[in-house]
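**Q**
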Amino acid sequence: LKLLIFAALIFCSCQKNEYTLTVNVPNEYNGSMMYIAQQIGRDITFIDSISVTDGTCVFLGEKEIADYYSIILVKDKKRTFVAPVVLEKGDINVVYINNIATISGTKNNDILQKYLEIEQHYNSIFEELLTTYFKTGDSEIEKRHMIETQYDILEKELNTKTLAFINDNSNNIAGAYAFVQIYRSLS
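Residue 46 in the working numbering sits at position 40 of the sequence shown; the count goes up by one each step and never skips.
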């Protein structure tokens, strides 16, 4: 029995919280730099970086506790995209196509992706509304008012869905991420 307990302790102590983060981007970004960074308040700490090769970056690391970070792609000294990711034990995948990042592979990243899909849906609608708004002339007051009303309604819908997501995920890091996004939008 003592030998069995000893073997279990050895096995548990050898289990590491290692992650593999694989990011796939179009080949046009070959040679660009990909960074992992964490923002706390106004301070940004860069954790790791790698050059994009054949449209892929692979980061290897270890995390004791799951936490969210940003992956940042820089091409020609310009930030091309930023996407959130939860660094945690497991294989994490990020695919960036047509200005949209899709995150998957671990429990918290799969949950985070659900929130990002809500955000992306509403952001695309907001973008269309703003484009239409700015194309209208100053004389089209009624049309501008209709767009403003529609924008306000959609913003309330997004906030309601975000609050529901936070409530449903208050016990995980993805819920905390959504909470921070709402907090930042209100600040």
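Heads up, the beta-carbon is just placed ideally off N, CA and C, and yes, glycines get one too. Computed from a predicted structure; not experimentally measured.
Specify, as a first and last residue, the run of the beta strand (DSSP E) that K120 falls within.
**A** Careful: K120 lies outside any beta strand (DSSP E), inside the alpha helix (DSSP H) at 113-141.
**Q** Assign D144 to one of three DSSP states: helix, strand, or coil.
**A** Note: D144 maps to coil in three-state DSSP.
**Q** Whose C-beta lies closer than 7 angstroms to the C-beta of I53 among residues of the same chain, with five residues either side of it excluded?
**A** For I53, where only same-chain residues beyond five positions count, the Cβ hits under 7 angstroms are I42, A43, Q44, Y75.
**Q** Can you tell me whether V101 is buried or exposed, with buried defined as 16 or more other CB within 10 angstroms of its CB?
**A** By the 10 Å Cβ count, V101 comes out exposed.
**Q** Could you tell me which of L27, N23, D60 sits nearest to S38, measuring between CA atoms?
**A** Closest by alpha carbon: D60.
**Q** If you run the structure through DSSP and keep just helix, strand and coil, what is N36?
**A** Coil, per DSSP.
**Q** R85 lies in the beta strand (DSSP E); which residues open and close that run?
**A** Where R85 is concerned, the enclosing beta strand (DSSP E) stretches over 84-93.
**Q** Return the chain-ordered list of same chain residues with a C-beta closer than 6 angstroms to the C-beta of T112, the five sequence neighbours on each side being excluded.
**A** Answer for T112: E94, G96, I98, listed in chain order.
**Q** What do you get for N175, buried or exposed, if any count of 16 or more other CB atoms within 10 angstroms of its CB means buried?
**A** N175 comes out buried.
**Q** How is the beta strand (DSSP E) around G47 delimited, first residue to last?
**A** Segment: none, G47 is in no beta strand (DSSP E) and carries neither H nor E.
**Q** My assumption, with CB atoms under 8 angstroms, is that V91 sits in contact with L27. Please give the rounded CB distance.
**A** 7 angstroms between Cβ atoms; contact.
**Q** Does DSSP classify E68 as helix, strand or coil?
**A** Of the three classes helix, strand and coil, the one that applies to E68 here is strand, per DSSP.
**Q** Distance check for Y189 and S57, CA to CA, integer angstroms please.
**A** Those two C-alpha atoms are separated by around 33 angstroms.
**Q** So V209 and I78 are supposed to be a Cβ contact under 8 angstroms. How far apart are they, rounded?
**A** The chain is shown from 7 up to 193; residue 209 falls before or after that span and cannot be answered.
**Q** For K69, tell me which candidate among R48, M40, K22 has the shortest Cα-Cα distance.
**A** Nearest of R48, M40, K22 to K69, Cα basis: K22.
**Q** Starting from the C-beta of E163, find all residues in its chain whose C-beta is less than 8 angstroms away, skip the five residues before and the five after it, and write them out in chain order.
**A** Correct list, in chain order: Y128.
**Q** Do you know how far the Cα of Q119 is from the Cα of T138?
**A** Each residue's Cα considered, the two are about 29 angstroms apart.
**Q** According to DSSP, is D174 helix, strand or coil?
**A** It is helical.
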